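Counting in this note's numbering, the sequence shown runs from 29 upward without gaps.
The structure appears right after this line, and notes come after that.
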Amino acid sequence: MKTEDNKGARLSRQRETILAELRKVTSHPTADEVYDMVRKILPRISLGTVYRNLDFLSSRGVVLRLGGAGTQKRFDGNPAAHPHLRCSVCGRVDDLEWPIALPNLPVEQSMGYSSLRCDVEFVGVCPTCAGKDC
C-alpha cells in the first residue's frame, strides 16, 4: 500500500488500515461502523483515532465525507465525483452508476467563488423502508 496520500502526507498504519477497510465496502459506513471494521485488524485503536483519521483523510480528498440527514456522517472510499442515492428514512446511501459531467459555473467567477467539488445526491426511500409501514 502507498505510504503517502495524494498530497504527500504520510499514511500511518492506522490510516492505511482505515483507508483499506473503507475501500473494501460500498455501504458508505459511519465512523462507528468503520471503527468496528478496523478493530478486527487493530484491536487497540480508539474511536477517537478513527474519527480524527477520517477527518484527516476527507480533508485531503482521499475519501469523501457524505452529509445528509441525521447527525452521523457517512464515508466513501471512492473520492471520484459520482452521484449518490440516500434513503430519507434509514439514511442508507448507495452509489448511482450514472456518469456525470461536472458543470463549469461561470457564475463562480463573477461571485468570487472558487468551486472545490460538485456533490450530487438524490433522496428517496430504499426498498427495505418502502416495504415497511412507516
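Ideal Cβ positions, reconstructed from N, Cα and C, are used throughout, including at glycine.
Computed from a predicted model, the values in this text were never measured in an experiment.
For residue i, collect the residues of the same chain with a Cβ closer than 8 Å to its Cβ; drop the 5 residues on either side in sequence, then sort them by chain order.
{"i": "Lys101", "result": "Thr58, Ala59, Arg93, Leu94, Gly95"}
{"i": "Pro107", "result": "Gly89, Val90, Val91, Leu92"}
{"i": "Arg51", "result": "Gly105, Asn106"}
So is residue i buried or exposed if we call it buried at 16+ other beta carbons inside 10 Å?
{"i": "Glu49", "result": "buried"}
{"i": "Ile46", "result": "buried"}
{"i": "Val148", "result": "exposed"}
Can you give the Cα-Cα distance for residue i and residue j, rounded to whole angstroms?
{"i": "Cys157", "j": "His110", "result": "24 Å"}
{"i": "Gly159", "j": "Ser138", "result": "47 Å"}
{"i": "Leu144", "j": "Leu124", "result": "21 Å"}
{"i": "Arg38", "j": "Leu85", "result": "11 Å"}
{"i": "Cys146", "j": "Ser87", "result": "15 Å"}
{"i": "Val153", "j": "His112", "result": "13 Å"}
{"i": "Phe150", "j": "Ala129", "result": "16 Å"}
{"i": "Asp64", "j": "Val117", "result": "23 Å"}
{"i": "Ser142", "j": "His56", "result": "27 Å"}
{"i": "Lys68", "j": "Asp83", "result": "21 Å"}
{"i": "Phe103", "j": "Gly140", "result": "29 Å"}
{"i": "Val121", "j": "Ser40", "result": "28 Å"}
Using a Cβ-Cβ cut-off of 7 Å (strictly less than) and excluding sequence neighbours within five positions of residue i, which residues of its own chain qualify?
{"i": "Thr54", "result": "Asp123"}
{"i": "Asn81", "result": "Gln42, Arg43, Ile46"}
{"i": "Cys115", "result": "Gly152, Val153, Cys154, Cys157"}
{"i": "Thr77", "result": "Gln42"}
{"i": "Pro15", "result": "Past the boundaries of the shown model lies residue 15; the chain is included only from 29 to 162, so the question cannot be answered."}
Excluding the 5 residues preceding and the 5 following residue i in the sequence, name in chain order all residues of the same chain whose CB lies nearer than 6 Å to its CB.
{"i": "Leu70", "result": "Thr45"}
{"i": "Tyr79", "result": "Ala59"}
{"i": "Leu75", "result": "Tyr63"}
Rounded to whole angstroms, how far is the Cβ of residue i from the Cβ of residue j, which I believe are closer than 8 Å?
{"i": "Ile73", "j": "Val62", "result": "Incorrect: roughly 10 Å between the Cβ atoms, too far for contact."}
_What ranges does the alpha helix (DSSP H) occupy inside the stretch 73-129, keeping only unbroken runs of at least 4 residues that lie completely in it?_
75-87
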